[in-house]
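A.B. asks: Sharing a structure below in structure tokens format, with a few things to ask.
2 protein chains.
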Amino acid sequence: MTRKQLTEQIFRKRSYLCVGLDTDPEKIPNHLKGHTDAVFEFNKAIIDATQDLCVAYKINTAFYEAQGVKGWEVMERTLQYIPKDIFTIADAKRGDIGNTSSQYARAFFETIPFDSITVAPYMGEDSIRPFQSYEGKWAIVLGLTSNAGAMDFEMQTFVDGDHLYEKVLSTVAGWGTPENTMFVIGATQASSFRTVRAITPHHFYLVPGVGTQGGSLKDISEIALIKDCGLLVNVSRAIIFASEKEDFAAEARAIAQQYQYEMDGYLKKL
Amino acid sequence: MTRKQLTEQIFRKRSYLCVGLDTDPEKIPNHLKGHTDAVFEFNKAIIDATQDLCVAYKINTAFYEAQGVKGWEVMERTLQYIPKDIFTIADAKRGDIGNTSSQYARAFFETIPFDSITVAPYMGEDSIRPFQSYEGKWAIVLGLTSNAGAMDFEMQTFVDGDHLYEKVLSTVAGWGTPENTMFVIGATQASSFRTVRAITPHHFYLVPGVGTQGGSLKDISEIALIKDCGLLVNVSRAIIFASEKEDFAAEARAIAQQYQYEMDGYLKKL
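Protein chains in written order, with numbering that gives the first Met the number 0: chain A, 0 to 269; chain S, 0 to 269.
Below, the structure is given as structure tokens:
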């Protein structure tokens, strides 16, 4: 999907919400647990209930890999079920030496045709470039993440004054373009969003950490929205596990609707 | 597998060789390409030919994921085929926020029961600890990798004088023990091995980069071997793709034998 197509969708739906399908089989409603295809049925219901309110779905591959071959197969079918005009993200945090990253790019851009994949930058240029070399596909590279562990290395300071995450942003931006590269910036890091926007004024960010992790949609929207939006804000657990009962899809929709409504307000100010 | 079991195997076989099953379907011999189960048949022949000469097999998950569901299934069967007394490594470079890393640990320690998994440290403590909390399982954390991209971030210097990779080594070592944590140190980085050994005197290293990538087994063995060995040296392409013909398994064995013979010499000097 091109940036233009993504942006058109955002302004049509008045939303920059990404729904995270971190579908933990232990957390899906009891009435579905006996179903032979419970995770897929759950995802299908969530997608049916939210697809007009969000512009992207993010599949957290870990939750599918934990189920082995069956999980991988459910991931494939879930991706196929997502309407083609919605942006899809393999939240897979891959990254390895060049010849191996090329195999991961093939896995998530060809074999299972996602629009984008999250990428870990530790191993540098040859580990990232293979994900930036597909027409209409995106590398979403970890910048400053939403977890406590972000302090351990990402927030450490180099001799030139840059934090590790700042060096990652400026360096990786130089290997790609704002048409094929996004960055993961956690919503729990609102105080760093001005710095992030200054380093990468034209890039889209995938923003986790709103909802269960406590980040503020208002804060990050006010700081980081740009003319063609430039944000995809992900909410996983707070939407998909909004209810443990048979009304889970309706409750997921209700929460997604609240986010969409709030986002519409911020988009109006652009 | 415990460190004691691994070490006993090393001194029994007089080898610290790890064979990397980076099985690219396009590179396997022509006579196997028509086979409906070509990758598994190839792996089976390599394992049959090398299992008395190596102490570990490393499965590079990217090459299996690129084949989708079928690839994931072949990875499972390949792991099952490896004799139980040989150390197994999921070379998967995973790492995410705590609740997601827990799912990856489940995927590679329970669903597909490898002995160890390679882990990317960028996201810090909560992304690594879940892999250090299984009895008899190992987190093999990226330290200084063998690729050109290692210069981009890993070799950058923090204000306290440490390179990023040094901070990763000293910090991650504090979260685990030499009984559940190893580090990836590329053989192409021989000049840094003394520093690495000084920071982590008791840890095992998984060392890629010997063979096709050009690292020297002699150099790294002389610098980094410790009393109970402390090294697993991985060779992938130079062994498994030693021949493109029907004799590929015999040729793989011949190359593995050369490495084992050389390793025996270094072990004798301990």
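Ideal Cβ placement from N, Cα and C applies to all residues, glycine included.
Pick out whichever of S:H30, S:C17, S:A138, S:R13 has its Cα sitting closest to the Cα of S:E245.
C.D. replies: S:H30
A.B. asks: May I have the straight-line CA-CA distance separating S:T211 from S:R193, to the nearest angstrom?
C.D. replies: For S:T211 and S:R193, the distance between alpha carbons rounds to 23 angstroms.
A.B. asks: In chain order, what residues of the same chain lie with their CB nearer than 6 angstroms to the CB of S:D21, ignoring the 5 residues before and after it?
C.D. replies: N59, F62, S235
A.B. asks: Smallest Cα separation from A:T87: which of A:V171, A:S215, A:N233?
C.D. replies: Here the closest residue by C-alpha is A:N233.
A.B. asks: With a 10 Å radius around its C-beta and 16 neighbouring C-beta atoms as the bar for buried, classify S:H34 as buried or exposed.
C.D. replies: When all chains shown are included, S:H34 counts as exposed.
A.B. asks: Taking any Cβ of chain S, which residues in the region 123-134 of chain A have a Cβ under 8 angstroms from it, in chain order?
C.D. replies: G123, E124, D125, S126, I127
A.B. asks: Name the residue from A:A189, A:F182, A:K57 whose alpha carbon lies nearest to the alpha carbon of A:G213.
C.D. replies: A:A189
A.B. asks: In chain S, which residues lie less than 8 angstroms from A:E72 when you measure between Cβ atoms?
C.D. replies: One finds V68 in chain S with Cβ atoms closer than 8 angstroms to the Cβ of A:E72, taken in chain order.
A.B. asks: Are the CB atoms of A:P207 and A:S169 nearer to each other than 8 angstroms?
C.D. replies: no
A.B. asks: S:P200: buried (16+ other C-beta within 10 angstroms of its C-beta) or exposed?
C.D. replies: Answer is exposed; the Cβ neighbour count stays below 16.
A.B. asks: Give a yes or no on whether the minimum CB-CB distance between S:S215 and chain A is below 8 angstroms.
C.D. replies: Residue-level contact check: S:S215 does not touch chain A, since none of the beta carbons of chain A fall below 8 angstroms from its beta carbon.
A.B. asks: Take S:V73 and list the residues in its own chain whose beta-carbon comes closer than 8 angstroms to its own, dropping the five residues that flank it on each side.
C.D. replies: D36, V38, F39, N42, Y63, Q66
A.B. asks: Counting only C-beta atoms, is S:P24 closer than 8 angstroms to chain A at any point?
C.D. replies: no
A.B. asks: Mapping the DSSP letters down to three states, classify A:L231 as helix, strand or coil.
C.D. replies: strand
A.B. asks: If contacts are defined as beta-carbon pairs under 8 angstroms, then A:L163 and A:L224 qualify, I think. What distance do you get, rounded to the angstrom?
C.D. replies: With a contact defined as Cβ atoms closer than 8 angstroms, A:L163 and A:L224 miss out at about 26 angstroms.
A.B. asks: Please give the ranges of any beta strand (DSSP E) in the region 32-114 of chain A, keeping only runs that are unbroken, at least 3 residues long and fully inside the region.
C.D. replies: 55-59, 86-93
A.B. asks: Tell me the start and end of each unbroken alpha helix (DSSP H) in the region 197-225 of chain S that is at least 4 residues and wholly inside, in chain order.
C.D. replies: 216-223
A.B. asks: Of all the CB atoms in chain A, is at least one closer than 8 angstroms to the CB of S:D36?
C.D. replies: no
A.B. asks: For A:I239, name the three-state secondary structure that DSSP assigns.
C.D. replies: helix
A.B. asks: Have a look at A:M0 and A:I85 and give me their C-alpha separation to the nearest angstrom.
C.D. replies: 9 angstroms
A.B. asks: Should S:M150 be labelled buried (16 or more other beta-carbon atoms within 10 Å of its own) or exposed?
C.D. replies: exposed
A.B. asks: Give the residues of chain S in contact with A:R105, contact being defined as C-beta atoms less than 7 angstroms apart.
C.D. replies: Residues of chain S with a Cβ closer than 7 angstroms to the Cβ of A:R105 are, in chain order, A65.
A.B. asks: Leaving out five residues before and five after S:M154 in sequence, what residues of the same chain have Cβ atoms less than 6 angstroms from its Cβ?
C.D. replies: H162
A.B. asks: Below 8 angstroms on C-beta distance, what does A:R93 contact in chain S?
C.D. replies: A61, K92
A.B. asks: In three-state DSSP terms, what is A:L5?
C.D. replies: helix
A.B. asks: In whole angstroms, what is the alpha-carbon distance linking A:Q50 and A:P82?
C.D. replies: 8 angstroms
A.B. asks: Using the Cα positions of S:I219 and S:G264, report the straight-line distance between them to the nearest angstrom.
C.D. replies: 14 angstroms
A.B. asks: Can you pull the DSSP bridge partners for A:G19?
C.D. replies: A:K57
A.B. asks: Just to confirm, are A:F152 and S:G123 a CB contact at a threshold of 8 angstroms?
C.D. replies: yes
A.B. asks: For the region 0-32 of chain S, enumerate the residues whose C-beta is nearer than 9 angstroms to any C-beta of chain A, in chain order.
C.D. replies: Correct list: D21, D23.
A.B. asks: In or out: A:V140 buried (at least 16 other Cβ within 10 Å) or exposed?
C.D. replies: buried
A.B. asks: As a quick exercise: from A:A253, A:R13, A:F157, pick the residue whose alpha carbon is nearest that of A:L266.
C.D. replies: A:R13
A.B. asks: So, at 8 angstroms on beta carbons, what are the nonlocal neighbours of S:I222 in its own chain, with the 5 sequence-adjacent residues on each side left out?
C.D. replies: A189, F192, R193, R196
A.B. asks: Could you pull the start and end residues of the alpha helix (DSSP H) that S:K262 belongs to?
C.D. replies: Here residue 262 of chain S is Met; the residue named in the question, Lys, does not match the sequence. From DSSP, the alpha helix (DSSP H) with S:M262 extends over 247-267.
A.B. asks: Applying a beta-carbon distance threshold of less than 9 angstroms, which residues of chain A neighbour S:K166?
C.D. replies: D151, F152, Q155
A.B. asks: On a CA-only basis, which of A:I96, A:Y258, A:V18, A:A89 is nearest A:T110? Give me that one, please.
C.D. replies: That would be A:A89, whose Cα lies nearest to the Cα of A:T110.
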